[in-house]
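Worksheet: the structure to be examined is printed underneath.
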Amino acid sequence: FKGKARLDQDALLRLEEVLLAADVGPEATAFIVRSVEEKLAGQAVDWNAIQAALEETLVQALNGVERPFVLPREKPAVLMFVGVNGSGKTTTVAKVARLLREEGHNPLLVAADTFRAAAIDQLEVLGQELGLKVMAHQPGADPGAVVHDGLAHARSAGYDVVLVDTAGRLQTKRPLMEELGKVRRVVEKVQGRPPDERILVIDATVGQNALSQAQLFHEAVGLTSLAVTKLDGTARGGAVIPIARHLNLPILWVGVGEGLEDLEPFRTQEFVRALTR
Amino acid sequence: SLTDKLGQVFARLRGKGTLTEAEIQAGLREIRQALLAADVHYQVVRDLLAKVEEQARAQKIVQSLTPAQQLLALVRQEMTQAMGGEATKLKLSGKPAVLVLVGPAGSGKTTTAGKLARHLVRKGRKPALICADPFRPAAEEQLALLAKKLGLPFAPATSDPVRDLTTLAQRAARELWDVLIVDTPGSPPGESPADFLPELIQTTKAGDVLLVLDAMVGQEALGMGQAFAGCGVTGLILTKLDGDARGGAALSLPRRLGLPVLFAGTGEKPEDLEPFHPQRMADRILG
Ligand SMILES: Nc1nc2c(ncn2[C@@H]2O[C@H](COP(=O)(O)OP(=O)(O)OP(=O)(O)O)[C@@H](O)[C@H]2O)c(=O)[nH]1
Ligand SMILES: Nc1nc2c(ncn2[C@@H]2O[C@H](COP(=O)(O)OP(=O)(O)OP(=O)(O)O)[C@@H](O)[C@H]2O)c(=O)[nH]1
Ligand SMILES: [Mg+2]
Ligand SMILES: [Mg+2]
């Protein structure tokens, strides 16, 4: 039996509320509170001590989640972006493309959302803004075919990275999830390996459904990483804690605004500090 | 399921007579877990369960044969009451009536505009779809495509939304449009909407200002509702209920901000709009 400190009722309530308000969820909150109590065993317990123990616990829970993005050696690299409707995929694709271009790379955008109204138009406007080429077919085309042609073009024209934007879909829709698996297989066929990054784009305002999203998208395409959007404003994105506990996927980037420059690498310390303030 | 969990909590007591205080608390704790896991705001959970606890004691739940079912029934009743109220309808006041859709980024406003337009046509109205989102890339194209699909008029109000809407309201009389459905820009979470929005709502005397929220939204839902206070929101639409998000926001906002939920979005097509059912929502939230 590991000793643990006894937090008084007020401190306990306050600690729980900080975590619940940040969307950490009831299960992970209970785990974190226990861990804080263990850390404070035999110490004087004031709010500063609790805050420090809390930050330490969260940093530990997010161990392995910070991984700086490095573009793979083999060209072209393929980055595939997936996620539920409205999570911020298209905007994030454009932001990452801009970042890669700033670093001297030559990105090609692939508009594989052939379903939603004006999805192709949206990516084309962003591509134009960035001076980057967008590979697209007509609305209603098969996403696999667009990806196939995008890759073929990238390989022959010497692009060094391909970013694939896909249609939003709720993770419980099996045929749509299978379609994603098919897109991954198209890449495998052309490249001889799956997309170098299969990135789940998660909205920071999502609550406990985030875990279901991560689990089911992981089943569909084998996720390699996450991007968390809309961390500007009041959202704290605590729902990534349950995801970290179950899947331990790295978070490559965070979106902090609607502009194409509003993208930052994920930093555990900063994220934890913002979550617990 | 919650019924099973509560059943287990109370199972040991079958035939034992009265419930102890500790056992009532254990039951309420299970319900608290379920509501928090369903994204109901933690303050709403606290207030709701305090009320249920009071009622449970007053109703002498301890003497019932199925305390789990009784406790759940009390919770469900509290929830349904908070979400139900009188069946709230669209006001559709004014000539033309102006209905404005507001909400955080990506919640489904533009798609819902199309759904409402189709719904209003079936109710005998003549809606026009208006894009008042000057910021999002291809926002006009997206709404114009929906309008075309539905065979309805579309007009942009993106160069100067307030002035454009005034012009469009006059044009509505000539064109015999009797409702203007106005799509607006998404805002960052918890932040006030675009500057022109409160003025646009005031100038057009919009009788319906609908806050469009994603059913998967977590604890931010209340803050989002409050951020739109300056817009005079009249009702809520909860989208993406065709997924497995429990939708706790459907309880938090009516209970805390008195905002009724008018519709549920259940898919990406124009026909995927349903009236909101409080009883069904209560069951969904309770899991
Ligand atoms: N405030 C804020 N808004 C964001 C951020 N990322 C995306 N958005 C906004 O969120 C909305 C949805 O973004 P999209 O990129 O269209 O999302 P999507 O996942 O591609 O949507 P679908 O393709 O329809 O599933 C837009 O209004 C974006 O401007 C962010 O980091 N912060
Ligand atoms: N499955 C499902 N998807 C929906 C629903 N409502 C909207 N969507 C999808 O959610 C995504 C975002 O919808 P939009 O209508 O572009 O959202 P928005 O609020 O206008 O976004 P911004 O203008 O960028 O703030 C799109 O992929 C829609 O097809 C719904 O009820 N169910
Ligand atoms: Mg998109
Ligand atoms: Mg929109």
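Keeping their order, the protein sequence lines are chains A and B.
Read in order, the letters of the first sequence are residues 1 to 277 in the working numbering.
Read in order, the letters of the second sequence are residues 1001 to 1287 in the working numbering.
Heads up, the beta-carbon is just placed ideally off N, CA and C, and yes, glycines get one too.
Computed from a predicted structure; not experimentally measured.
Counting along the chain, no alpha helix (DSSP H) covers T166 of chain A; the unbroken beta strand (DSSP E) around it starts and ends at 161 to 166.
Boundaries of the beta strand (DSSP E) around S225 of chain A: 225 to 229.
In this structure, A1097 of chain B sits near G1207 of chain B, with a CB-CB distance shorter than 8 Å.
L1213 of chain B sits in a strand when the DSSP states are folded into three classes. Secondary structure at E1191 of chain B: coil, using DSSP grouped into helix, strand and coil.
Interface flag for V1217 of chain B against chain A is set, since a Cβ pair is found closer than 8 Å. For P1127 of chain B, the secondary structure class from DSSP, reduced to helix, strand or coil, is strand. Taking 7 Å as the cut-off, one finds at least one heavy atom of ligand 3 near enough to the beta carbon of K89 of chain A. DSSP places E264 of chain A in the uninterrupted beta strand (DSSP E) bounded by 263 to 265. Excluding five sequence positions before and after R1256 of chain B, the CB atoms of its chain that fall closer than 8 Å to its own CB belong to H1041, Q1043, V1044, L1222, G1225, given in chain order. Approximately 6 Å separates the beta-carbon atoms of I1237 of chain B and G1265 of chain B; this is inside 8 Å, confirming the contact. Using a Cβ distance threshold of 8 Å, F115 of chain A and V201 of chain A do not count as a contacting pair. For E197 of chain A, the enclosing beta strand (DSSP E) begins and ends at 197 to 203. D113 of chain A has a beta carbon lying at 8 Å or more from every beta carbon in chain B.
In chain order, D1242, G1243, D1244 make up the part of chain B whose C-beta sits under 9 Å from the C-beta of T172 of chain A. Exclusion of the five residues before and after L12 of chain A leaves V33 as the residues of its chain whose Cβ lies within less than 8 Å of its Cβ.
At least 8 Å separates the CB of P1193 of chain B from every CB of chain A. Taking 7 Å as the upper bound on Cβ-Cβ separation, chain A lies near residues P1188, P1189, G1190, E1191 of the segment 1167 to 1193 of chain B.
For A118 of chain A and L1146 of chain B, the gap between their C-alpha atoms comes out near 10 Å. The beta carbon of R169 of chain A sits closer than 6 Å to the beta carbons of L176 from its chain, once the five residues preceding and following it are set aside; these are given in chain order. Residue environment for S1001 of chain B: exposed (fewer than 16 other C-beta atoms within 10 angstroms of its C-beta). S1001 of chain B is outside the set of residues whose beta carbon lies under 8 Å from a beta carbon in chain A.
Contact check for L231 of chain A against V256 of chain A passes: the beta carbons are separated by less than 8 Å. Within the segment 72 to 140 of chain A, the complete alpha helix (DSSP H) runs of at least 4 residues fall at 89 to 102, 119 to 130. With a cut-off of 7 Å, the C-beta of V1212 of chain B is classified as near ligand 2, since at least one heavy atom of the ligand falls inside that distance. With respect to chain A, the C-beta atom of S1159 of chain B has no partner C-beta closer than 8 Å.
Around A1026 of chain B, the same chain offers V1009 as residues with beta carbons nearer than 8 Å, after the five sequence neighbours per side are excluded. A44 of chain A carries a coil assignment under DSSP once its states are collapsed to helix, strand and coil. A direct Cα-to-Cα measurement between T57 of chain A and F266 of chain A gives close to 18 Å. The three-state reading of DSSP puts L62 of chain A in coil, since its state is none of H, G, I, E or B.
For the set B:T1110, B:V1182, B:A1173, B:A1034, the Cα lying nearest the Cα of P1137 of chain B is the one of B:T1110. Using a Cβ distance threshold of 8 Å, P1153 of chain B and W1177 of chain B count as a contacting pair. For A1139 of chain B, the shortest C-beta to heavy atom distance toward ligand 4 is below 7 Å. Taking L216 of chain A as the centre and dropping the five residues before and after it, the same chain places the C-beta of Q171 closer than 6 Å to its C-beta, in chain order. In this structure, the alpha-carbon of L252 of chain A lies about 6 Å from that of L226 of chain A.
In this structure the segment 1099 to 1117 of chain B lies against the segment 1208 to 1216 of chain B, because at least three pairs of beta carbons, one per stretch, are closer than 8 Å.
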